[in-house]
Structures are given as structure tokens and as C-alpha cells.
Amino acid sequence: MASRYKDKDDGVIFTFNAQWVSWAHTVVAYTAFLSALTVGIHLHYHKIVKNEFYGYPDEWFPSVSATIGDRYPERSFFMLFIAITSGPRFALVGLWYLLTRRRGQRLPDFVAGMGLLRTLTCGGWTYITSTDDHDWHDILMISYIVATLPWTTGCILLSPPNRKAIKYRKYLASAFFGTLVPLIYFFIQHKIHRVAGAYTTYAFFEWSLILFDVGFDAVTVLDFDTFEIMVRDVKGTSKGNNNPSYVPSAVLEKEKEKVTAGLLPATSGWAQALDTAADVYHGFVFWSMLTSLGIVIWYFPLWHMGISGFEIFVMSTISPLLLGIGSVRSHILASPMIIHVMSLAGLAAYAIKNPILRLIAVGFGVAMACLGWATTLFLERANSARFESRVLGLMVGLILSSTAKFSWQTNNPIWPVMHAANGGWNLTGLILAVVAVMRFTRVYIPPPASSHKQQPQGSNLLSACGIGGLFFGLHSLLSDTSTMILWGWEGFPIRGPYFSTHGWLTLAAMSVGLFAGIFKPSVAGSWPVYAAGTMGAMVLTFNSHWTGFYGGLALAIYLMAVSVPLITTAARRKPAVSFGLGFLIYNFVVLFHVWVVAYAFVPGGPLVREHTDWVMMTMMAFIAAGVYDYNGSSGKPAPTPAAVPSQQRRSFGLATLAINVLFLCAAFMRFPTNDYQPYHPDDRILTAGIWTIHFSLDNHMYSSEHRMRDLIKELEVDVIGLLESDLQRIIMGNRDTTQFLAEDLGMYVDYGPGPNKHTWGAALLSKFPIVESKHHLLPSPVGELAPAIHATLDVYGQLVDVFVFHSGQEEDPEDRRLQSEYLAELMGSTPRPAILLSYLVTDPLKGNYNTYVSDKSGMHDVDPSDWDRWCEYILFKRLKRVGYARVSRSSITDTELQVAKFVIPESQDEISSLDALSPEQRNHRVKEQDVPEGWRFPAMFRGRGVRGHRYHVFRQPRYFDS
2 MASRYKDKDD GVIFTFNAQW VSWAHTVVAY TAFLSALTVG IHLHYHKIVK NEFYGYPDEW
62 FPSVSATIGD RYPERSFFML FIAITSGPRF ALVGLWYLLT RRRGQRLPDF VAGMGLLRTL
122 TCGGWTYITS TDDHDWHDIL MISYIVATLP WTTGCILLSP PNRKAIKYRK YLASAFFGTL
182 VPLIYFFIQH KIHRVAGAYT TYAFFEWSLI LFDVGFDAVT VLDFDTFEIM VRDVKGTSKG
242 NNNPSYVPSA VLEKEKEKVT AGLLPATSGW AQALDTAADV YHGFVFWSML TSLGIVIWYF
302 PLWHMGISGF EIFVMSTISP LLLGIGSVRS HILASPMIIH VMSLAGLAAY AIKNPILRLI
362 AVGFGVAMAC LGWATTLFLE RANSARFESR VLGLMVGLIL SSTAKFSWQT NNPIWPVMHA
422 ANGGWNLTGL ILAVVAVMRF TRVYIPPPAS SHKQQPQGSN LLSACGIGGL FFGLHSLLSD
482 TSTMILWGWE GFPIRGPYFS THGWLTLAAM SVGLFAGIFK PSVAGSWPVY AAGTMGAMVL
542 TFNSHWTGFY GGLALAIYLM AVSVPLITTA ARRKPAVSFG LGFLIYNFVV LFHVWVVAYA
602 FVPGGPLVRE HTDWVMMTMM AFIAAGVYDY NGSSGKPAPT PAAVPSQQRR SFGLATLAIN
662 VLFLCAAFMR FPTNDYQPYH PDDRILTAGI WTIHFSLDNH MYSSEHRMRD LIKELEVDVI
722 GLLESDLQRI IMGNRDTTQF LAEDLGMYVD YGPGPNKHTW GAALLSKFPI VESKHHLLPS
782 PVGELAPAIH ATLDVYGQLV DVFVFHSGQE EDPEDRRLQS EYLAELMGST PRPAILLSYL
842 VTDPLKGNYN TYVSDKSGMH DVDPSDWDRW CEYILFKRLK RVGYARVSRS SITDTELQVA
902 KFVIPESQDE ISSLDALSPE QRNHRVKEQD VPEGWRFPAM FRGRGVRGHR YHVFRQPRYF
962 DS
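All letters in the sequence shown, in the order written, are residues 2 to 963 by the working numbering.
Below, the structure is given as C-alpha cells:
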């Protein structure tokens with residue numbers, strides 16, 4: 002170490018070069034990890050390489066967390082050295098700040114703050130291991146990774162003019178973030194697919210992150226050699242060694258900008274950041290209101306079981322037609338702020354209890370939002386920079402909306418069907434919306450008078466077609482990241498993407514597509530790119546698993562990219578036509594895409610029955626009309642990068658990147674644990690239930706997932722079939738109730754036939770692993786399609802088949818007869834113990850009942866004496882049924898929850914003995930006190946029950962002893 006002593010008169014006692022701070026930090030940090038690894042391998046090798054699925058020799062290298070957090074004394078080695086590291090670490094952050102701070106710049110302050118946050122959160126996740134507190138360990142780990150992004154990019158931007166340092170930082174930062182991709186992939190292979198050896202590969206990438214992370218900070222040794230730290234024996238403060246007038250060379254600044262992909266400027270103003278945030282949030286509010294309209298409309302035909310008249314509110318979106326009325330148009334163009342403020346009525350609607358009045362408020366809000374955005378885009382069309390910021394705000398707002406829905410398990414927290422009781426953030430969202438709209442509309446720069454007279458050649462009608470097809474595609478496919486994943490879902494084993502672990506790929510595709518359209522609008526609007534987008538739509542429509550999803554990603558990129566030229570062209574047309582008629586066309590395609598599944602309830606429905614392929618063709622045809630207009634227009638906007646400040650694009654790029662990081666954080670928190678446990682394993686009890694959930698809207702038009710969760714949990718249901726559960730359409734908000742229920746209750750989930758299979762939905766949730774599942778569409782020559790799931794579960798080591806089935810409507814008796822024969826044959830084909838959770842539409846002991854309960858199927862009724870059934874039935878075979886109950890729904894849905902308890906046989910001899918029982922023996926009823934306590938239903942639902950849920954019809958559960 003370079004050091005020296007001076008005489009007493011000079012006052013300097015000790016000095017050393019600052020680069021030793023970097024060396025100390027690097028050496029001690031690496032020692033902390035490597036010493037723990039060395040000691041762990043020496044003392045506990047077989048224990049630290051073992052995970053919940055495999056051990057040595059399948060897994061042969063330990064992960065970081067297993068090495069530093071699980072065993073003594075390696076954990077002590079690590080904690081000792083990591084504590085020593087904290088001193089050099091804080092000094093390193095402080096020295097970097099002194100080296101890079103400049104007068105009038107806020108970036109060094111921000112980067113230093115991120116450095117301190119990283120240091121503190123690092124201490125958090127290293128001292129609080131996953132064994133100590135799994136949740137806090139994960140929270141602090143995520144915070145550390147999130148803070149690493151601005152720290153690394155900020156350090157690169159602020160680097161002094163040292164080519165070697167910049168090069169090393171570029172390589173190490175790229176390696177760090179590039180490693181995250183295979184790291185996540187192999188963790189999924191281990192955790193979900195349970196691939197032997199995958200965790201060892203994951204561990205190598207995890208250790209690589211440590212090496213790259215510490216190595217990135219070690220590069221400061223090349224910058225700190227000009228610093229000298231001294232200790233003096235006099236009282237005073239140092240003025241530092243900062244030169245505020247120093248500015249790095251222009252060449253190196255460009256190199257640094259290239260490293261960060263132009264996302265972060267060296268200087269940025271708070272005004273630009275606030276403008277960007279306001280634009281994005283206001284765009285988020287628009288998409289939140291637009292996507293909520295279908296849900297609040299759907300509530301009414303749902304309860305009327307047919308056309309209700311309230312469907313007329315779907316036309317709320319055509320409000321831009323008002324711009325075609327001269328006297329009205331002049332007032333609207335003169336005061337766009339008023340229109341945008343009035344649109345917030347759609348957010349405030351959540352506080353209105355009456356469903357009709359809430360629908361009116363939402364419809365009014367959506368009308369004002371569509372009118373306001375059409376007006377703003379038209380007014381800003383002549384100002385390249387401001388217009389682009391509006392387009393980016395609208396489209397990044399869609400990305401934020403999809404992220405919010407993912408974070409809330411497919412519900413948007415500011416929808417009017419949400420409130421505090423079911424996880425809504427409505428008031429917070431409304432307050433932020435007011436602030437955003439005031440910022441969004443605070444300044445209006447009128448375009449030159451000549452621009453109002455200039456109308457580029459082209460077709461207003463074709464432009465409207467493009468807008469209609471575009472907004473339908475964005476809404477129906479990209480407003481939720483799980484929609485296209487569920488299009489290709491075919492059950493277990495998992496052979497394609499999974500909604501919680503691969504949803505970010507959709508968001509990433511959307512982000513890439515948007516900025517491709519911003520930087521290359523002429524390419525995005527070209528015919529070759531249109532052909533690629535059309536090919537993606539075809540692949541998505543006609544394929545499953547990863548193949549279909551790859552087509553969906555291509556379509557996502559295309560829709561986001563082509564939105565830029567199509568919206569730009571529409572803004573240069575007559576807004577009453579391009580946007581007003583455009584939204585009318587959008588409404589037409591929305592109804593078309595509803596009719597393909599709702600054909601049994603609407604006039605002319607059979608003509609488009611089950612033709613999602615026609616919907617996709619129509620969407621792409623409308624977009625083609627817009628592309629034709631864009632390419633044939635003499636006023637086709639030319640790329641004008643000089644007209645748009647690069648700082649603006651960087652701000653929106655950074656906002657998009659931040660949203661992607663938030664999505665990944667939410668994905669980390671939602672990662673499936675696959676360690677689910679049944680409620681009564683010691684008694685070998687399986688509690689099964691069937692419930693028709695009426696599309697997860699309660700009687701008061703609020704989303705009902707939380708209330709459903711509470712009842713399922715309190716009834717201790719291990720396996721449940723949900724019917725009328727497919728919500729992945731515009732009219733239902735592109736939601737998925739099963740995601741919330743599965744993750745909150747700790748259950749495996751099979752969504753059932755996907756949204757492109759044209760059913761109302763059947764889903765299965767299970768505490769037991771789903772070994773295999775197949776989806777069936779039963780014969781339905783006249784009425785609606787009848788979905789079924791045939792799943793095989795691993796129940797206490799015994800394979801048990803579970804069938805979930807929704808029969809056709811009462812109006813179609815031939816359909817129901819054919820369906821009963823199909824399902825009876827399907828159930829009879831399995832030699833294993835089996836349970837049917839179903840909606841049969843038949844009277845007990847009559848008609849099709851005797852096909853379901855027959856020698857052909859081998860199934861028995863859970864309680865043949867229950868005369869008060871019409872729809873829901875539970876059947877079983879080769880199981881010991883010990884209990885049955887009916888539980889009232891309260892105001893959650895229109896159908897009760899039926900549950901049954903079964904004891905799982907341990908041997909084939911026991912199964913054979915159950916087959917030999919006579920009907921009298923099988924259905925012998927006993928009193929509750931005669932069965933073990935673990936076999937009993939919860940007592941809390943006796944009498945008046947809780948929250949409107951109680952045992953009803955028989956007033957108590959029934960118990961059996963066979």
C-alpha cells in the first residue's frame with residue numbers, strides 16, 4: 002500500500018491512493034463468497050447440492066443461497082467477510098460521487114442514491130436468508146437487482162474519459178443482465194418442469210452474477226488512481242477534489258450513450274420526466290377505462306340471460322363523430338382539457354353502488370376519453386415532437402396497463418368492478434389521474450393556420466378501417482399478457498408457455514414493436530412487415546404450445562409497430578371519420594368476436610359460430626386497409642428524427658424499461674412454488690367441489706375472486722371444478738380468475754379449453770399434482786359447445802382421474818343426449834378411481850342422469866337421495882365417499898357450491914372391495930359424531946353461517962360409512 006508519514010508541522014499523518022478502496026472491496030467481497038463455497042463443499046457437499054427434487058449425482062454444484070445461508074460454519078464465514086465489505090463499499094460509493102458530481106446535474110446524486118440503496122439491500126438479503134424469512138429475502142433481493150440497473154447505466158454515463166474503464170463496464174454490465182435470461186430459464190426448468198440437473202446449471206449462472214456484479218464495481222480501480230486519501234491531525238473539512246468545469250470528450254460521451262442504447266441522457270430535466278410520466282399514466286387511464294367498458298356491459302346480458310338493451314353502451318367509443326358537427330367541433334377543439342377531465346368519470350364510477358348508474362358513468366367516461374384522445378392527436382398533428390409524445394404516451398400506457406393487470410393477476414386495480422375489498426386502488430388511481438390530466442393538458446400550442454387547410458391525399462374511410470382493426474387487435478390480444486398464452490394452452494404436462502413465468506415475453510415484444518415503429522415508421526407500415534404480421538396471426542390462430550405463442554409474439558411486435566404509422570395517418574385525416582368511424586368498426590369486430598361464442602343467444606349467431614379465424618382475418622383485413630392508405634398517401638409522414646428531441650425518446654424509452662423491470666419483479670413474486678399441501682393428508686382425505694362462478698362478477702357488479710377464495714379456503718377444498726370461467730374476451734375484461742385463486746390458495750391449475758375454443762369455460766384447481774390433463778369439446782350440433790377436462794392427479798401416491806364438465810343448455814335436448822353418451826364412455830374408459838365435477842342440466846334419477854350414472858360409466862351419485870338438483874352433480878367411482886354438503890352462494894354468483902369428501906384407497910384390494918359394495922352399503926348414512934374429526938366439514942357454516950354462506954337445503958352436511 003502506498004503510504005507515507007509527514008512531519009508534525011505539515012499536519013498530514015497518513016495518506017494512501019483511493020484505488021486501494023476498490024481493491025479492498027473486490028478482494029473482501031470475493032473472499033466472502035468463495036470462502037463460504039470452499040468450506041461448504043468441504044464440510045457439507047451432499048447437503049448443499051441437494052434441493053427439494055434431486056440430490057447428488059443429479060445435482061452436483063451448490064447454488065449461492067444454499068452455500069451462504071443454510072449451514073454452519075460457511076454461513077459465518079460469509080457473514081464475517083460481507084460485513085467487512087460494507088466499509089469499502091460505502092467508501093466506494095462516496096468516492097464515485099465525489100469523482101462524478103457536476104454543478105447543475107442531478108444524475109450523480111441519483112446514482113449515488115442507488116449505490117447506497119444497493120448496499121443496504123445487499124446487507125438485507127445476505128443477512129436475512131430465505132430460510133430465515135423467505136418473503137423479506139425475496140423483497141430485498143428484487144430491490145437489489147432493480148437498483149442495479151440504474152447504478153450500472155448511471156456509472157457508464159458518468160464514467161471519466163477512460164476507454165479501458167468504459168469498455169470493461171460495458172462488457173460486465175452486458176454479461177450481468179444477459180445472464181439473467183438463462184438464469185430464469187433454468188430456474189423454470191428446475192422449479193416447474195423438475196428437470197434433473199437444471200438447478201446445477203442455474204447455480205453456475207447465479208455464481209456468474211456474483212462475479213460480474215463485484216467485477217463491475219472493481220473497474221473503479223482504473224478511475225480512483227487520481228484520488229489520494231489523507232488523515233490530518235487538524236480540525237477542518239475538505240473541499241474535495243472535484244472540478245466542476247471538467248467535461249469528458251465528445252467522443253467518449255457518444256461511446257457511453259451507445260453503451261446504454263441511448264436510453265439515459267447525461268443530463269435530464271425534471272420537467273421532461275414529469276411530462277413523460279403524465280403522458281404514460283394518462284394513456285394507462287384510457288386503456289383502463291376502455292377495457293372496463295365490456296365488463297360492466299356484460300353484467301346485464303349475463304343476468305338477463307340474453308339481450309338486455311344495455312349493450313347500446315358499447316357505442317360509447319364512437320364519440321369522436323361529434324367532431325364532424327361544426328359548432329360542436331369548434332368548442333371541443335378550443336377546450337380539450339375539459340374533455341379529458343370529464344373522462345375521469347369512468348374512474349370515479351367505482352364509488353357508485355347502483356350497477357346501472359355505474360355503467361352510465363363508465364360509458365360517459367369512455368366516450369369522453371375517446372373524444373379527448375382523438376381531439377388531442379388531431380390538434381398536435383403538426384408538431385412532430387408533441388405528437389410523438391402523445392402517441393408514445395398512449396401506447397406505453399397500454400404496456401403499463403398490461404403490467405398492472407399482471408401484477409393484480411389479470412384485474413386492473415382502477416377498474417370500476419374493483420374496490421378496496423377486492424384489491425382495488427381506485428382512489429389512489431383517481432388522484433394520480435387528476436394530477437396526470439392536468440399536466441397532460443396544461444399547455445396547448447396551436448398548429449399553424451395552414452395546417453388546418455392541408456388535407457393530404459388519401460382515404461378517410463381506409464384510415465378508419467385501419468384504426469378499427471388496430472384497436473381491436475391491441476385490446477383483444479395485448480391488453481393482458483396471458484391471453485395469447487392461453488390460446489395455445491392444452492393442459493398438462495406443460496408443453497408451451499405458462500402465464501406467470503412467460504408473460505413478460507409478450508410485454509417485451511410489445512416494447513420492441515412500439516419503438517421499432519417510432520424509429521422506423523415507414524418500415525412498420527410497409528407491406529412486407531404486414532405480411533409477417535399476418536403470418537404471425539395465422540400461426541397463433543391455428544397452432545398450440547410454443548409454436549402458436551411464437552406467432553403471437555410476432556403479431557404483438559407488428560401491432561405495436563404499425564400503431565405508429567396508422568395513428569399518425571388517422572390524425573392527419575378528418576378525425577370524425579378516422580377515429581369516429583374507426584371506433585364504430587372496432588365495435589363491429591368486438592361484437593363479431595363475442596358472437597362466435599355467444600351464438601346461441603344472439604340473432605344470426607349461428608352464421609359466425611366458432612369462427613375466430615374469421616375474426617382474425619377481418620382484423621388483419623381492416624389493418625391492411627390502413628396500411629394501404631398509409632402507403633398511398635401523398636402526405637405520408639416522412640421520418641423526421643431531427644424534429645423530435647432525442648431526450649424525449651430517451652425518457653419514454655426509460656419509462657418503458659422501468660415498466661418492464663416492474664413486470665419482472667411482479668413475475669418473480671408470482672413464480673409458482675409447486676409445494677402445495679392438501680388440508681388433511683393424515684386422513685388421506687380429498688375434498689372436491691363444483692361451482693359455477695358466473696364469470697367472476699357478483700350480484701353487485703364487483704369482481705368476486707376474493708370472496709370466492711375465502712369460501713374455498715374455509716371449506717378446505719382440495720380439488721375444485723369451476724364452470725363459466727373463461728374470461729379471456731373483451732366483454733369479460735381479458736381476465737383469468739384461476740390465476741388469483743391458484744396462487745393465493747396454493748393450487749395447481751388447468752385453465753381448460755382456451756378462449757379460441759369457443760366455450761364458456763371449465764377449469765380445474767388442485768392441491769395435488771396434475772400428472773396429465775386433456776381437453777374435450779363434446780358433441781354440440783345445435784347449441785353452445787360443452788367443454789370438459791379429463792385430468793389425472795397424484796393423490797397421496799394413488800392416481801385419481803377427475804372430470805370437469807359443463808353440459809349444454811336445456812333448449813338443446815339432442816346436444817345433451819349426445820354429450821351424456823360421450824362423457825359416459827370417457828369416464829368408463831379409465832380403470833382408475835375417478836370423480837366427476839359437473840353441470841348436467843337434468844333431474845336426479847331421470848333421463849340423461851341414467852347415462853351418466855350407469856354401468857357404462859361405472860360412476861355413482863354422491864347422494865342419490867338429493868332430489869333438489871338440476872345443474873350441479875358430483876359423481877365418483879372406486880373411492881370411499883364419506884361426506885357431502887351444499888353451501889349457499891351469498892351474492893357471489895347464481896349457483897351454490899357443492900362439496901364432497903373422499904378417502905383415497907391405499908391398495909388395489911381396497912379399491913376392489915369398494916367396487917363390490919351394494920347401493921345400500923355404499924349409501925349408508927351415519928351421524929357426524931360417528932365419523933373421524935378429519936372427515937368432517939367445518940362447523941362455521943352451520944346455522945346462519947358466515948357472510949351469507951351456510952349449509953342449506955338439508956341444513957347440514959351428510960355423512961356416509963360404506
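Think of the CB as a built atom: it goes at the ideal place given N, C-alpha and C, for glycine as much as any other residue.
Contact between the segment 524-542 and the segment 284-301 is absent: fewer than three C-beta pairs spanning the two stretches fall below 8 Å. Sorting 700, 758, 775 and 693 by C-alpha distance to the C-alpha of residue 738 places 693 at the top. Counting C-beta pairs with one atom in each stretch, the segment 740-749 and the segment 759-779 have three or more that are closer than 8 Å, which means they touch. Taking all protein chains in view, the Cβ of residue 529 is surrounded by fewer than 16 other Cβ atoms within 10 Å, so the residue is classified as exposed.
By the Cβ-count criterion, residue 615 is exposed, with fewer than 16 other Cβ atoms from all chains shown falling within 10 Å of its own Cβ. Secondary structure of residue 718 (DSSP, three-state): coil.
Secondary structure note for residue 916: its alpha helix (DSSP H) is the uninterrupted segment 909-916.
For the pair residue 368 and residue 144, the Cα-to-Cα distance works out to about 40 Å.
The residues 290, 363, 366 and 367, in chain order, have a CB closer than 6 Å to that of residue 347 in the same chain once the five nearest residues on each side in sequence are set aside. For residue 534, the secondary structure class from DSSP, reduced to helix, strand or coil, is helix. Residue 414 is positioned such that its CB atom lies no closer than 8 Å to that of residue 297.
Segment contact: the segment 460-470 against the segment 618-627, three or more CB-CB distances shorter than 8 Å; contact assigned. DSSP places residue 409 in no alpha helix (DSSP H); its state is neither H nor E.
About 12 Å separates the beta carbons of residue 779 and residue 758, which is beyond the 8 Å limit, so they are not a contact pair. Within the model, the alpha-carbon separation for residue 118 versus residue 673 is close to 28 Å. Within the same chain, Cβ atoms closer than 7 Å to the Cβ of residue 31 are found at 215, the five residues on either side in sequence being excluded.
Residue 886 is not a Cβ neighbour of residue 797, given a cutoff of 8 Å.
Per DSSP, the beta-bridge partners of residue 927 are 960.
The beta-bridge partner set that DSSP reports for residue 688 consists of 902.
Put simply, of 485, 294 and 787 the residue whose alpha carbon is nearest the alpha carbon of residue 611 is 787. Straight-line measurement puts the Cα of residue 733 at about 13 Å from the Cα of residue 699. Considering only 799, 458 and 39, the residue with the shortest C-alpha distance to residue 633 is 458.
Taking 8 Å as the cut-off, the Cβ atoms of residue 776 and residue 495 do not count as close.
Under the three-state reduction of DSSP, residue 592 is assigned to helix. Counting every other CB atom within 10 Å of its CB across the protein chains shown gives residue 232 a total below 16, marking it as exposed. Three or more beta-carbon pairs separated by less than 8 Å are not found between the segment 328-341 and the segment 302-309, which leaves the two stretches without contact. Residue 57 counts as exposed, since fewer than 16 other C-beta atoms from the protein chains shown sit within 10 angstroms of its C-beta. Non-local C-beta neighbours of residue 574 in its own chain, meaning closer than 6 Å and more than five positions away in sequence, comprise 461 and 464, ordered along the chain. Under the three-state reduction of DSSP output, residue 869 falls in the coil class, being neither helix nor strand. Taking one beta carbon from each stretch, the segment 805-825 and the segment 845-854 have 3 or more pairs nearer than 8 Å; the two touch. Cα atoms of residue 492 and residue 789: separation of roughly 12 Å, rounded to the nearest angstrom.
Distance check between residue 440 and each of 372, 487, 425 and 282 places 282 closest, using alpha-carbon atoms only. Bridge pairing for residue 884: 902 and 960 [DSSP]. Going by beta carbons, residue 802 and residue 831 fall inside the 8 Å limit. The DSSP-derived three-state label of residue 810 is coil. For the 8 Å CB-CB criterion, residue 112 and residue 169 do not form a contact.
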